[in-house]
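K.L.:
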Amino acid sequence: MRTRRELIALRRWWPALLLALVCATRPGYANPPPVPVANTYHKGVALEDYWVSEKFDGVRAYWDGRTLISRNGNVYRAPDWFVADFPDVPLDGELWMGRQRFAELSGAVRKRIPVDREWRNIRYRVFDLPGPGPFQERYQKLKAQVKKADSHYLELVNQTPVLTHAALMNRLDTVVAGGGEGVMLKRRESQYEAGRSDDLLKVKTFEDAEAIVIKHIAGNGRLQGMMGALLVELPGGRRFRIGTGFSDELRAVPPALGARITFKYYGFTATGLPRFASFLRVRDDEPD
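With UniProt numbering, the residue at position 255 of the sequence shown is 255, and numbering never jumps.
So, in structure tokens, the structure goes:
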């Protein structure tokens, strides 16, 4: 007979088990994995309850014990040798190629036929073990799984305590100075639950969001004959322009209409639109 606490814990992570069963019969795609999603860090958070790690500029990937799955439920076609020594239990992490190499990584993982030369530069950096129990216990089990697997392509994301806002900002500055994107905070006592909550927080020098490209706006002067700005639409339907952050190459061949892009911004205007929005990347990391 299971205890009430065990039954509650099982209800929290049964979607992970269901996902594994679905993937066994659907090799090209699956349901989106039930993963936790981060909120943005804010002052007043009890930092003594959290661990901190680097926020890697990679693509989220859920390992169901057999297959790497994207956040939208598509299967990453990793070479067999890449996953050969991975454990047969669910893992949550990021496919990562290195700092400031997102575009190169995205191109590699989207291909229907994987290129060995590209995948040899990729690592699967894992930060959680889907299942019952608080994160600090899951992390110890995750550490044991990574050590046992002894795979060159499977790496553990290190978690360390951080006690003050000043210490957190110092850690953030160090990561950013080295070309990193930011840091993550994970509540030690948190359960593995799908959805957005303060159990997982992202800490960056800027905020970011996604939007859909609606229109190319022609450039003037030096940008004559190229794209000057994008008209984009937020999930709620509001539209605005993004005119900075683009290379000349991207202005010459801009993101397609309907493409999903990521942009950075610094708070909101009085009308509720992102302030000082600047293009970051095309969000095209889903497998073709």
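Even for Gly, the Cβ is constructed at its ideal location relative to N, Cα and C.
Given 8 angstroms as the limit, is there contact between the stretch 261-270 and the stretch 199-208, that is, 3 or more CB pairs closer than that?
P.N.:
yes
K.L.:
Arg275: buried (16+ other C-beta within 10 angstroms of its C-beta) or exposed?
P.N.:
exposed
K.L.:
Quick one, which of Arg241, Ser190, Phe246 and Thr244 has its alpha-carbon nearest Gly133's?
P.N.:
The shortest C-alpha separation from Gly133 is found at Ser190.
K.L.:
Indicate whether Arg187 and Asp199 have their beta-carbon atoms separated by less than 8 angstroms.
P.N.:
yes
K.L.:
Have a look at Lys43, Gly98 and Arg125 and flag the residue whose alpha-carbon is nearest the alpha-carbon of Glu118.
P.N.:
Gly98
K.L.:
Just the C-alpha distance for Phe82 and Pro33, rounded to the nearest angstrom, thanks.
P.N.:
21 angstroms
K.L.:
Does Ala166 pass the burial test, meaning 16 or more other C-beta atoms within 10 Å, or should it be called exposed?
P.N.:
exposed
K.L.:
I'd like to confirm the pairing. Which residues does DSSP put opposite Lys186 in its beta bridges?
P.N.:
Trp51 and Leu200
K.L.:
May I ask you to verify whether the stretch 91-106 touches the stretch 55-63, counting CB pairs closer than 8 angstroms and requiring at least 3?
P.N.:
yes
K.L.:
Pick out whichever of Ala78, Asp49, Asp284 and Lys43 has its Cα sitting closest to the Cα of Gln159.
P.N.:
Asp49
K.L.:
Rounded to the nearest angstrom, how far is the Cβ of Leu168 from that of Leu273, given a contact under 8 angstroms?
P.N.:
Not a contact, Cβ separation roughly 29 angstroms.
K.L.:
Leaving out five residues on either side along the sequence, give the residues of the same chain with a beta carbon under 8 angstroms from the beta carbon of Thr271.
P.N.:
none
K.L.:
Please report how far the alpha carbon of Gly195 lies from the alpha carbon of Tyr76, in whole angstroms.
P.N.:
22 angstroms
K.L.:
Between Leu257, Ser53, Ala259 and Leu230, which has its C-alpha nearest Phe246's C-alpha?
P.N.:
Leu230
K.L.:
To the nearest angstrom, report how far apart Asn72 and Val35 are at their CA atoms.
P.N.:
11 angstroms
K.L.:
Could you compute how far the alpha carbon of Leu280 sits from the alpha carbon of Lys141?
P.N.:
36 angstroms
K.L.:
Just to confirm, is the Cβ distance from Val109 to Leu129 under 8 angstroms?
P.N.:
no
K.L.:
What do you reckon, are the CB atoms on Ala149 and Asp85 nearer than 8 angstroms?
P.N.:
Yes, the pair counts as a contact, with Cβ atoms nearer than the cut-off.
K.L.:
Residues in the same chain with beta-carbon distance under 8 angstroms from Val232, minus the five sequence neighbours each way, listed in chain order, please.
P.N.:
Same-chain partners within the cutoff: Ala211, Ile212, Val213, Ile214, Arg239, Phe240, Arg241, Ile242, Ile261 and Phe263.
K.L.:
Taking Pro87 as the reference, give the member of Val183, Ala144 and Arg123 with the closest Cα.
P.N.:
Ala144
K.L.:
Here's the rule I'm using: 16 or more other beta-carbon atoms within 10 Å means buried, otherwise exposed. How should Val175 be labelled?
P.N.:
Burial of Val175 is indicated by the presence of at least 16 other C-beta atoms within 10 angstroms of its C-beta.
K.L.:
For the alpha helix (DSSP H) holding Phe56, just list the boundary residues, first then last.
P.N.:
Note, Phe56: premise wrong, no alpha helix (DSSP H); not H, not E.
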